[in-house]
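In UniProt numbering, the protein residues as written are 1 to 258. Beta carbons are placed, not taken as given, at the ideal position from N, Cα and C, and that holds for glycine. In this text, all values refer to a predicted model and were calculated from it rather than measured experimentally. Okay, structure first, notes after.
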Amino acid sequence: MSDSTLHHAAAEGYAQGADTYVRGRPDYPPQVSAWLADTLGLQPGQTVLEVGAGTGKFTPRLLQTGARVIVLEPVQAMLAKLSKAYPEVEAHQGTVQAIPLADASVDVVVCAQAFHWFANHEALAEIHRVLKPGGRLGLIWNLRDASFKWVAKLDALVNQWEGDAPRFYTGVWRQAFPFDGLGPLQEQRFIQPHKGLVEDVIFNRVRSTSFISALAPDEREKVEQQLREFVASHSVLNHGGEVSVPYITYAFVTQKPA
């Protein structure tokens, strides 16, 4: 694996923040099971490759389909957590630009919360190579619902630190499409709140953001102070009980012609 293919915010932030990622990231809504089965066509006897699998937040959804699951993740600290949690999964450390699998060897490729990091022709060419004819590529993201004013303010607080880190919300990742050899993107959306303690759904969720985790200690402390002030000033978050953050799940699929 070449470090030059991995953005510095991902390489540094996710290596340092693997534990926080596990605690702070929301789960995926129940509708994802039907998306995997009906839209991506995953079922027992098939093989699915999860690219940018992280700590395995999405991996159990793939295992539930009964398909053979292979994962690819560049950050060793995250891959170690995934392998410990799901030892039955075939795990590889590496990047999407050099997938260690044979041509036409998988039925489905899935990127959960990851494709914006490698949304380019080189990555799609490798994904296209390992997909069987008729195979599908699924892209999925959980995103806070910024149509709520307080959520938009939280996003603005976080986004001021993003630097040049690729993000889903900017839509830049869409420039990788159309791609010759893959059909048009089809989109579905699901809604589910992220519920839990404010320490997890606000603080640990923000801490798990790659470019936040990669900040220098004094800058991370500035973020912490901003978050404390933000929580204190919003009654939906400072009441001392379980809090709920609205999320939208964006799911896309494209298919390699049979």
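Going by Cα to Cα distance, which pick from Ala-123, Leu-157, Thr-59 and Arg-136 is closest to Lys-81? Translated into positions along the sequence shown, residue 81 becomes position 81. With distances taken between Cα atoms, Lys-81 lies closest to Thr-59.
Simplified DSSP assignment, three categories, for Gln-175: As a first step, residue 175 is located in the sequence shown; it is residue number 175 there, counting from the start. Residue state for Gln-175 is assigned as helix, using DSSP reduced to three classes.
Terminal residues of the beta strand (DSSP E) in which Val-106 lies: Here residue 106 is taken as the residue at index 106 of the sequence shown, counted from 1. Start and end: 106 to 112.
Give the DSSP-derived three-state secondary structure of Arg-25 in the structure shown. Here residue 25 is taken as the residue at index 25 of the sequence shown, counted from 1. In this structure, DSSP gives Arg-25 a state outside helix and strand, which the three-state scheme calls coil.
Taking the C-alpha atoms as reference points, what is the distance between Arg-136 and Arg-228? Residue numbering aside, residue 136 sits at position 136 when the sequence shown is read from its first letter. Residue numbering aside, residue 228 sits at position 228 when the sequence shown is read from its first letter. Each residue's Cα considered, the two are about 43 Å apart.
Among Gln-188, Thr-39 and Thr-55, nearest to Pro-87 - alpha-carbon criterion: Here residue 87 is taken as the residue at index 87 of the sequence shown, counted from 1. With distances taken between Cα atoms, Pro-87 lies closest to Thr-55.
At which residue ranges does the segment 172 to 227 contain complete beta strand (DSSP E) runs of 3 or more residues, listed in the order of the chain? 186 to 196
Does DSSP put Leu-237 in a helix, a strand or coil? The residue labelled residue 237 in the question sits at position 237 within the sequence shown. Coil at Leu-237, not helix or strand.
Whole-number beta carbon distance between Val-96 and Val-71, since they are thought to touch under 8 Å: Reading the sequence shown from its first residue, position 71 is the one you call residue 71. Reading the sequence shown from its first residue, position 96 is the one you call residue 96. With a Cβ gap of about 12 Å, Val-71 and Val-96 do not count as contacting.
Starting from Trp-141, trace the beta strand (DSSP E) in both directions and tell me its first and last residue. Within the sequence shown, the letter at position 141 stands for residue 141. Counting along the chain, the beta strand (DSSP E) containing Trp-141 begins and ends at 131 to 144.
Ignore the nearest five residues each way along the sequence and tell me which others in Thr-209's own chain have a CB closer than 7 Å to its CB. Position 209 of the sequence shown, counted from the start, is the residue given in the question as residue 209. Taken in chain order, the residues that qualify are Val-158.
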